[in-house]
Amino acid sequence: MSLNYQISLDSLPIEVLTRILDYARLENVIQLVSHEFFLKSNPNLKTATNGLITSSTISYNNRFIQYSFVHMYKRTKTYLDKDNLSFINEDDVEPLVHYCIHENLPIVLTLSYYVWSLADLVEMVALISNLPNYLIRYNPRKLNLVPGFLVQFQFELFI
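Right, dumping it as structure tokens:
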């Protein structure tokens with residue numbers, strides 16, 4: 048017996064679904080990438096989701112663990128356009144990357160870390176080591192350290 052996961056929303060034109068998902072934003076629909084059978088049963092929704100992923104500026108930032116630092120991150124000037132960032136949580140990073148590989152979707156995912164303690168470096172290395180490094184370009188410019196935290200970090204060891 049085959050289960051049918053198709054929903055009526057999938058009967059809408061892709062252009063309409065694209066506008067709906069744009070309004071909902073990636074942060075609120077990212078969980079769909081973990082449900083392969085659901086997306087396979089809803090091809091229009093899958094196409095709109097893929098379009099949203101490829102058109103989004105996606106970022107994971109460990110500062111969101113401490114929400115008091117979010118406003119500082121948004122105000123600090125960097126090379127990123129922070130007005131249109133789609134922030135995802137750590138649990139969504141690996142499924143998103145694997146989904147994009149499976150679907151051949153080109154994305155840029157920015158991982159930004161603020162290092163309060165050695166545990167933050169361990170968390171960062173654990174996350175990076177679970178990602179396939181043949182598709183990833185690392186930009187260590189976004190590794191922020193607490194002043195006075197002495198670090199000698201050989202990033203190449205983890206690539």
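In this text, residue positions in the sequence shown follow my numbering: the first is 48, and each later residue adds one.
Note that CB positions come from ideal geometry on N, CA and C, so glycine has one too.
Residue 67 in three-state terms, based on DSSP: Along the sequence shown, read from residue 1 onward, the residue named residue 67 stands at position 20. In the structure shown, residue 67 sits in a helix (DSSP, three-state: H, G or I).
Nearest candidate by alpha-carbon position, reference residue 53, set 132, 87, 60: Position 6 of the sequence shown, counted from the first residue, corresponds to residue 53. When each option's Cα is compared against that of residue 53, the closest is 87.
Under the three-state DSSP convention, the category residue 48 falls into: Sequence index remark: in the sequence shown, residue 48 carries index 1 (1-based). The pLDDT assigned to residue 48 is 44, lower than 50, so where the model puts this residue is not dependable; a value taken from the coordinates is nonetheless given after this. Looking at residue 48 - three-state DSSP - the assignment turns out to be coil, as it is neither helix nor strand.
The segment 159 to 167 / the segment 140 to 148 touching (three or more Cβ pairs under 8 Å): no
Residue 177 - DSSP class collapsed to helix/strand/coil: In the sequence shown, the residue the question calls residue 177 occupies position 130. In the three-state scheme derived from DSSP, where H, G and I count as helix and E and B as strand, residue 177 is classed as coil.
Per-residue DSSP class, three states only, for residue 155: Taking the first residue of the sequence shown as 1, we reach residue 155 at position 108. Correct three-state label for residue 155: coil.
Residue environment, residue 138, which counts as buried when at least 16 other CB atoms sit within 10 Å: On the sequence shown, residue 138 is found 91 positions in, with the first residue counted as 1. Exposed is the call here.
Rounded straight-line distance, which links the Cα of residue 168 to that of residue 96: Residue 96 sits at position 49 when you count from the first residue of the sequence shown. Residue 168 sits at position 121 when you count from the first residue of the sequence shown. Those two C-alpha atoms are separated by around 32 Å.
Same chain only: Cβ atoms within 8 Å of residue 89, ignoring 5 sequence neighbours per side: Stepping through the sequence shown from its first residue, residue 89 is reached at position 42. 52, 53, 54, 56, 57.
The beta strand (DSSP E) enclosing residue 106, as first and last residue numbers: Here residue 106 refers to the residue found at position 59 when the sequence shown is read from its first residue. Segment 104 to 108, the beta strand (DSSP E) holding residue 106.
Cβ-heavy atom distance, residue 170 to the ligand NAD, below 6 Å: For the ligand NAD, the structure offers nothing, since it holds no ligand at all.
Proximity to residue 63 [Cα-Cα], best of 93, 77, 84, 158: What you label residue 63 is simply residue 16 of the sequence shown in a count that begins at 1. Residue 63 has its Cα closest to that of 93, out of 93, 77, 84, 158.
Beta-carbon proximity check, residue 105 vs residue 133, cutoff 7 Å: Counted from its first residue, the sequence shown places residue 105 at position 58. Counted from its first residue, the sequence shown places residue 133 at position 86. Yes, Cβ-Cβ distance for residue 105 and residue 133 is below 7 Å.
Three-state class that DSSP yields for residue 164 in the structure shown: For this step, residue 164 is matched to residue 117 along the sequence shown. Coil, per DSSP.
DSSP state of residue 92 mapped onto helix, strand, coil: Working through the sequence shown from its first residue, we reach residue 92 at position 45. Three-state result, residue 92: helix.
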